[in-house]
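**Student:** Residues -19 to -1, 1 to 393 (mature numbering (1 follows the signal peptide of the UniProt record, and there is no 0)) make up the sequence shown, in order.
First the structure, which I've put down as structure tokens, then a few questions once you've had a look.
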Amino acid sequence: MKSNIFTVALSLLSVAAVAQKSEIKDAGDAIDDGKYAEAKTQLKTAESLLSEANEKWTERFYLYKGQAYLGSGENASLEDLEIAAEAFKQAQDLGNSDEAVQGFDQVRNALVQSAINDQNTENYKNAADKLHYSYQLNKQDTLYLYYAAANSLNAQDYTTALEYYETLKELGFDGSGVEYLATNVETGEEEVMNKEQRELMLKTGEYKDPRDQKIPSKKGEIAKNIALIYIQEGEDEKAIAAIKDAKEENPDNVALLQAEADVYYRMGDKEKYNELMQEMVKKNPNDPNIYYNLGVTAAELGDNEKAIEYYKKALEIDPDMTNARMNIVVAILAKERSIIDEMNGLGMSKEDNKRYEELEEERNKIYKQAVPYLEKVIEADPENTNVIRTAINIYNQLGEDEKAKALKARLQ
């Protein structure tokens, strides 16, 4: 009797093993046909019988599971990619399969591509989660943690962003390096690739004009973002401390000095901001952006003459800096406010009329100062309707009817 029971048990085990192998094989066929949902269903059925499979079929099960949940790699959810990564890991542990290693790499690539797609649609939270998981799969790739932090910041998830940035700081993440670029002959666009890949592409003739571009250290940016998060959370002292800690390690880092200045600017301490920016001028006198930023703060502090001086210095270094030219126009026109106020307060007496004419002449001088800069801005940005309307108003005030008419026709 016992012998019969044992024989029946063996038969049941045999049937289960055959059924399980069939489900796994069918899942593999479904994957080959791109029917990933069907493959998942087959694998769920086979999983309940997995304890009866030998090592070879168990490895095959996890390999197929990874492939099924990875799918085409496009638009895969983070949950599915996590399942796929874990399955490929188990397949590697069982047989160190080349297919499993390749599949694991494909999961990481899919995570990054999916994160890029999320960034493009401004779904920053999803992008951050995928990039962070990619970092967890290989903690040597700290660049993914950096991008996860940046996306968390964009998602206004300050707690997570701070956690990631603090981790990067503890790891001593620098992020500097070299980008290898070459121009695609067909599209005319410059593309980034690794050094070995670029060498191969140049030999094919499909790419030309190789160029190396230095990637600056990201320590300053990280310190700044940590500080800005603290400001956002109302912890200004921690913000300043974060910058000072970073500066102790990198006292000559201009990016950190800029970060410190930005923090004081955000805190509303324009005087301290200005002081730090002056220090930056000494360290980097040929950077037009420094002079531009100094112009902005000078204008905010009410010193329009100083602002114009800084903007002009920025234009000396970079004649194509349209924003600096436009801000000169704004700073010049700011002078008319007090003139207009006085004109509106005058009466109808002979003395008042005479003063009105004097003020009108002063205002016209201001307009004439602004016109050359305004015309240059329109030349650089001919579709800027706000600037064109400003120019039309000024031309009308100056009696430049033909110029005003030409600009009106452009608007129409």
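From the three backbone atoms N, C-alpha and C, an ideal C-beta is built for every residue, glycine too.
Please read all numbers here as calculations on a predicted model, not as lab measurements.
Since I believe residue 241 is in contact with residue 228 (beta carbons under 8 Å), could you give me their beta-carbon distance rounded to a whole number of angstroms?
**Tutor:** At roughly 7 Å, the Cβ-Cβ gap stays under 8 Å, so residue 228 and residue 241 are in contact.
**Student:** Would you decide whether residue 383 is buried or exposed? Buried here means 16 or more other CB atoms lie within 10 Å of its CB.
**Tutor:** exposed
**Student:** Between the region 205 to 223 and the region 146 to 160, can you find at least three pairs of beta-carbon atoms closer than 8 Å?
**Tutor:** yes
**Student:** To the nearest angstrom, how far is it from the Cα of residue 392 to the Cα of residue 360?
**Tutor:** 14 Å
**Student:** Which same chain residues end up closer than 6 Å to residue 275 when comparing Cβ atoms and leaving out the 5 residues on each side of it in sequence?
**Tutor:** 258, 291
**Student:** Which residues in the same chain have their Cβ closer than 8 Å to the Cβ of residue 157, if we skip the five residues on either side of it in sequence?
**Tutor:** 195, 196, 197, 198, 199
**Student:** Assuming residue 189 and residue 166 are in contact, meaning their beta carbons sit under 8 Å apart, how far apart are those beta carbons, in whole angstroms?
**Tutor:** 6 Å
**Student:** Return helix, strand or coil for residue 168, following the three-state DSSP convention.
**Tutor:** coil
**Student:** Report all residues from its chain with a CB closer than 7 Å to the CB of residue 48; omit the five preceding and five following residues, and keep chain order.
**Tutor:** 12, 84
**Student:** Determine the extent of the beta strand (DSSP E) in which residue 121 is found, giving its start and end residues.
**Tutor:** Counting along the chain, residue 121 falls outside any beta strand (DSSP E), and DSSP gives it neither H nor E.
**Student:** Given a threshold of 16 other Cβ atoms within 10 Å of its Cβ, counted over all protein chains shown, does residue 46 qualify as buried or as exposed?
**Tutor:** Residue 46 is classed as buried because its beta carbon has at least 16 other beta carbons within 10 Å across all chains shown.
**Student:** Can you name the start and end residues of the beta strand (DSSP E) that residue 362 belongs to?
**Tutor:** Taken as a continuous stretch (DSSP letters only), residue 362 belongs to no beta strand (DSSP E), as it is neither H nor E.
**Student:** With C-beta atoms as the reference, is residue 91 less than 8 Å away from residue 51?
**Tutor:** yes
**Student:** Quick check on the burial criterion: 16 or more other C-beta atoms within 10 angstroms. Buried or exposed for residue 24?
**Tutor:** When all chains shown are included, residue 24 counts as buried.
**Student:** When you compare the CB positions of residue 105 and residue 132, do they come within less than 8 Å of one another, or not?
**Tutor:** yes
**Student:** In terms of residue numbering, what span does the beta strand (DSSP E) encompassing residue 193 cover?
**Tutor:** Note, residue 193: beta strand (DSSP E), 188 to 196.
**Student:** By a C-beta neighbour count over all protein chains shown, 10 Å radius and 16 as the cutoff for buried, is residue 249 buried or exposed?
**Tutor:** Looking at its Cβ environment, which holds fewer than 16 other Cβ atoms inside 10 Å, residue 249 is exposed.
**Student:** For residue 162, which of helix, strand or coil comes out of DSSP?
**Tutor:** Shown here, residue 162 sits in a strand according to DSSP, grouped into three states.
**Student:** Could you check the C-alpha separation between residue 321 and residue 171 for me, to the nearest Å?
**Tutor:** 51 Å
**Student:** Within the continuous alpha helix (DSSP H) that includes residue 216, where are the two ends?
**Tutor:** No alpha helix (DSSP H) contains residue 216, which DSSP labels as neither H nor E.
**Student:** Under DSSP, the alpha helix (DSSP H) around residue 324 begins and ends at which residues?
**Tutor:** That run of the alpha helix (DSSP H) goes 317 to 325.
**Student:** Determine the contact status of residue 88 and residue 62, defining contact as a CB-CB distance below 8 Å.
**Tutor:** yes
**Student:** For a test of the three-state rule: what should DSSP assign to residue 174, helix, strand or coil?
**Tutor:** strand
**Student:** Given 8 Å as the limit, is there contact between the region 268 to 283 and the region 303 to 317, that is, 3 or more CB pairs closer than that?
**Tutor:** Contact between the region 268 to 283 and the region 303 to 317 is present: three or more C-beta pairs spanning the two stretches fall below 8 Å.
**Student:** Taking the straight line between their C-alpha atoms, what separation do you get for residue 65 and residue 76?
**Tutor:** Answer to the nearest angstrom: the Cα atoms are 17 Å apart.
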